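K.L.:
Just so you know, the sequences run in chain order R and L.
Start counting the first sequence at 6; every next residue gets the next number (my numbering).
Start counting the second sequence at 50; every next residue gets the next number (my numbering).
A virtual CB, placed ideally from N, CA and C, is assigned to each residue, including glycine.
Nothing here was measured: the structure is a model prediction, and the numbers come from that model.
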Amino acid sequence: MNEQHIRLPEGSIEKTTTTLNLGPTHPATHGVMQNILELDGERVVSTEQTIGYIHRAFEKLAERRPLYQITTLTDRLNYCSSPINNMGWHLTCEKLLGVQTPKRVDYLRVIIMELARISDHLICNSIVGVDAGAYTGFLYVMQYRELIYEIYEEVCGARLTTNMGRIGGFERNFSNTAFEKIEKFLKEYPKVLQEFEDLFIRNRIFMDRTQGTGGISAERALNYGFTGPNLRAAGVDYDLRVQQPYSSYEDFQFNIPVGTTGDNYDRWLVRQREMWESLSIIDQAYRKVQDFKGKEAEVYHADAPAYYLPAKADVYTKMEALIYHFKIVMGETEIPKGEVYQAVEGGNGELGFYLISDGGRTPYRLHFRRPCFVYYQAYEELIKGSMLSDAIMTMSSLNLIAGELDA
Amino acid sequence: MNMNLSNEYVQQRLVEKFGDQVHSFEEPYGMLTFEAPKELNLKVLNFLFDDVHLQYRFLTDLTGVHYPDQAGRELAVVYHLHNLSAKHRIRFKVFTDIQTPDVYTATGLFATANWMERETFDFYGVNFVGHPNLKRILNVEEMDYFPLRKEFPLEDQTRIDKDDAMFGRG
Chain R
6 MNEQHIRLPE GSIEKTTTTL NLGPTHPATH GVMQNILELD GERVVSTEQT IGYIHRAFEK
66 LAERRPLYQI TTLTDRLNYC SSPINNMGWH LTCEKLLGVQ TPKRVDYLRV IIMELARISD
126 HLICNSIVGV DAGAYTGFLY VMQYRELIYE IYEEVCGARL TTNMGRIGGF ERNFSNTAFE
186 KIEKFLKEYP KVLQEFEDLF IRNRIFMDRT QGTGGISAER ALNYGFTGPN LRAAGVDYDL
246 RVQQPYSSYE DFQFNIPVGT TGDNYDRWLV RQREMWESLS IIDQAYRKVQ DFKGKEAEVY
306 HADAPAYYLP AKADVYTKME ALIYHFKIVM GETEIPKGEV YQAVEGGNGE LGFYLISDGG
366 RTPYRLHFRR PCFVYYQAYE ELIKGSMLSD AIMTMSSLNL IAGELDA
Chain L
50 MNMNLSNEYV QQRLVEKFGD QVHSFEEPYG MLTFEAPKEL NLKVLNFLFD DVHLQYRFLT
110 DLTGVHYPDQ AGRELAVVYH LHNLSAKHRI RFKVFTDIQT PDVYTATGLF ATANWMERET
170 FDFYGVNFVG HPNLKRILNV EEMDYFPLRK EFPLEDQTRI DKDDAMFGRG
C-alpha cells in the first residue's frame, strides 16, 4: 500500500489518485447504490457509499396502514427472499396480538422460509460467480429459482413480491400441485446444487479470486453489527433459528455452518452449506406436514377471527363473519397497546421489526432493522487497499440488496 | 461470564450502579425496557458493554421515536442491545427535548452505530454529539425538515378533492 502506483512528473500539482463513480446504476452493483471510489492505480484508497436511491419511506407509510397492509411493504425489503420478510412481519403481529399458530402452519411457514433462503443464497452465490467471470453456474441454477417461484405462485399467486400469508397463517391451504412441486424440488435440486458447487469449490481461479479478499475478523464483524451468513463466515455461530427459535424451528435438526476468515470464499462456502441445511429442513418439514391426518391436515390458519379474514361463504351467510370481514378490510380493528421487537433470520441476517402501538388502528412507529443497511457500512474497511476487481467481488458476496438498504 | 442473565438481575445491577437515575423499568412482551437521562446514555451503554457479568456487546438496533405530546421529552432514542452468549436482549431509551436534541454518539463503542445514528438524524433530527460524519443518509442532503416527525402527516387516503382523471383513474 505504501508504494505509489500513479507517478506524475516532479512538481506536478495534479492529484495522484483517480475518482471513480461506481453506480448508482452500474451492472456491478446489482442494485441502485453508489460508491465513490478513490483509486491509486487499481488499488482502492478510500470509498464513500451513498445510499437512498430507492428510499420509499416505508416506516412513514406504515404509520397510516392497518397491519395487514404492511405485509406488502415488507415484500420490497429484501426482494430476493420476500416470503421470509412476510413471515417475519406476521410473527411480529402475532406476538403483539397474542395469536398462537397451529403446528401445521409453523411447518408450512418453515418450508416457505427455507425455500426463500435457498433462492436468496442461490442468487448471491451465483452472482459472485458471475463477477468472477463464471456465467454458466448462474444460468444453470436459475431453473431452480424458477421452480421455487412456481411454488410461491402455487401458494399465494405471486412470484417476486409475494405478500404471502396472513396474520395467523396462510390465505389458503397448499394445493396438491404445490406439494408436488416441493417434492420435485427436493428430488431434483440436490443434484443441481452439487453440480453447481463442484464448478466452484475447488476451482483454482475462483479460489484465487475470493480467498483472502474482503475478510473481516469476528470481533470487527460483531462491532459492525454483522448478522447472518456474513457474520457466520467470520466464525460466530449466531443464528436466530437456533438462538431464539420462532415458528417451531426448535423441532428441526440442522447444523449452523461457520467459516474462519470472513473473506469472500468463506462467505460463499457458508451460504453454500446453508443451502444444504435448508434442504434438509424442508425435507423434515415436508415429512412433518405429511404426518398430519384427517381434520388436522386441513389446518392452515389460527383461530383469530378479529384479524384473519373469514371464509367467503360465511361472509355472505353469517352476520358475525360479515362484520369481521368489513372491519378487517377497512382496517377498523384497534390493535392492542404495546411495544414489540421480533426478529427472524432473513437471507442476509437478523431482520428485525420494532413495532410500537399506541392502541390505535395503525402502528404508532414501525422500524425495520435491515441487515444490509447495518453491514454495508463496513464496506470501506473490507476493501481498503484491495484491488478494484476484489472490491466488486466483495460487494456481491456481501449480498447487498438495494431494497433492504433503503427501506 | 454469566450465562444466565435475567431481567431481574440486569435491573438490580443497573440500580446498584446508577441508583434512581435509571427508571421506568418495564417488561413489554418479556423484554426488559428502561430509561435514563440523556446525559447518562454513554455511561449506561459503557457499563452494559464492559461489566463482566453483563457484556451487552452487540447493538442490534438504534432508532428514534417522536412523541409530540410529551413536552420536554419529545424525541426518544431507542437502543436494542443483545448479549449473544447469554441470549438476552434489553431495550434502553433516552428522551430529549426537540429544541436541543443533543444526544452523545455511541459510535465510540459500536462501529455499527454510525449509520444507525445517521438514519435517526436524517428522520428525526437527533443531533448525535461527537458523531464523525453526521449527515443525511437516505434523504437528499438539501432537505430542511425531518420527515418521520409526527407534524408531517401522510395524505388522507379518503380525500375527495383530487381530480381522479389526473391520476389515470375515472
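Using 10 angstroms around the beta-carbon of R:SER252, count the other beta-carbons present and answer buried if the total reaches 16, otherwise exposed.
P.N.:
Flag for R:SER252 reads buried.
K.L.:
Mind checking if L:TYR78 is an interface residue toward chain R, Cβ cutoff 7 Å exclusive?
P.N.:
Interface residue, yes.
K.L.:
Taking only beta-carbon positions, decide if R:GLY173 is within less than 7 Å of chain L.
P.N.:
No, R:GLY173 does not count as interfacial toward chain L.
K.L.:
For the segment 55-84 of chain R, enumerate the residues whose C-beta is nearer than 8 Å to any C-beta of chain L, in chain order.
P.N.:
If the cut-off is 8 Å between Cβ atoms, the segment 55-84 of chain R has ILE56, GLY57, HIS60, ALA62, GLU64, LYS65, LEU66, GLU68, ARG69 near chain L.
K.L.:
Locate the alpha helix (DSSP H) running through L:ILE139, then write down its first and last residues.
P.N.:
Counting along the chain, L:ILE139 falls outside any alpha helix (DSSP H), though it belongs to the beta strand (DSSP E) covering 137-145.
K.L.:
Cβ of L:ILE112 less than 7 Å from any chain R Cβ?
P.N.:
According to the sequence displayed, residue 112 of chain L carries Thr and not Ile. Closer than 7 Å to some Cβ of chain R, the Cβ of L:THR112 qualifies, so yes.
K.L.:
Within 7 Å of any Cβ in chain L, is that where the Cβ of R:HIS372 sits?
P.N.:
Cβ-Cβ to chain L under 7 Å: yes for R:HIS372.
K.L.:
Tell me which same chain residues have a C-beta within less than 6 Å of the C-beta of R:ILE333, skipping the five on either side of it?
P.N.:
Counting only Cβ-Cβ distances below 6 Å, and skipping sequence neighbours, we find LEU314.
K.L.:
Measuring CB to CB, does R:PHE259 end up less than 7 Å from R:ALA137?
P.N.:
No, the pair does not count as a contact, with Cβ atoms beyond the cut-off.
K.L.:
Curious, which full-length alpha helix (DSSP H) runs of at least 4 residues does the segment 79-132 of chain L contain?
P.N.:
Here the runs fully enclosed are 90-99.
K.L.:
Where R:ASN91 and R:ASP203 are concerned, what is the direct C-alpha to C-alpha distance, given to the nearest angstrom?
P.N.:
Computed Cα separation, rounded: 33 Å.
K.L.:
So what does R:VAL275 bridge to, in DSSP terms?
P.N.:
Answer is none; R:VAL275 lacks a bridge partner.
K.L.:
For R:GLY230 and chain L, any beta-carbon pair shorter than 7 Å?
P.N.:
Closer than 7 Å: yes.
K.L.:
If you measure beta-carbon to beta-carbon, which residues of the segment 101-125 of chain R are closer than 8 Å to chain L?
P.N.:
Flagged, chain order: LEU101.
K.L.:
Is it buried or exposed, R:SER17, if we count other Cβ atoms within 10 angstroms and call 16 or more buried?
P.N.:
The residue in question, R:SER17, is exposed, as its Cβ has fewer than 16 Cβ neighbours within 10 Å.
K.L.:
Starting from R:TYR154 and walking both ways along the alpha helix (DSSP H), at which residues does that stretch end?
P.N.:
Per DSSP, R:TYR154 belongs to the alpha helix (DSSP H) from 140-161.
K.L.:
Helix or strand or just coil, what does DSSP make of R:VAL418?
P.N.:
The structure shown has nothing for residue 418 of chain R, since chain R only spans 6 to 412.
K.L.:
Which residue from L:THR145, L:ASN132, L:GLU123, L:ASP118 puts its Cα closest to that of R:ASN228?
P.N.:
Per the Cα distances, L:ASN132.
K.L.:
Counting only the same chain and skipping the five closest in sequence on each side, list residues whose C-beta sits under 7 Å from that of R:LEU82.
P.N.:
Answer for R:LEU82: ASN90, PHE373, ARG375, GLY408, GLU409, ALA412, listed in chain order.
K.L.:
Which of helix, strand or coil does DSSP assign to L:ASN182?
P.N.:
Residue state, collapsed to three classes: coil.
K.L.:
Mind checking who R:GLU350 pairs with in its DSSP beta bridge?
P.N.:
The partner list for R:GLU350 (beta bridge, DSSP) reads R:GLU355.
K.L.:
Indicate the three-state DSSP secondary structure (helix, strand or coil) for R:THR55 in the structure shown.
P.N.:
The answer is strand: DSSP assigns R:THR55 an E or B state.
K.L.:
Leaving out five residues on either side along the sequence, give the residues of the same chain with a beta carbon under 6 Å from the beta carbon of R:VAL241.
P.N.:
Here the set comprises ALA223.
K.L.:
Output, in sequence order along the chain, the residues in the segment 235-259 of chain R whose CB is closer than 9 Å to any CB in chain L.
P.N.:
Residues passing the 9 Å Cβ filter: VAL241, TYR243, GLN248, GLN249.
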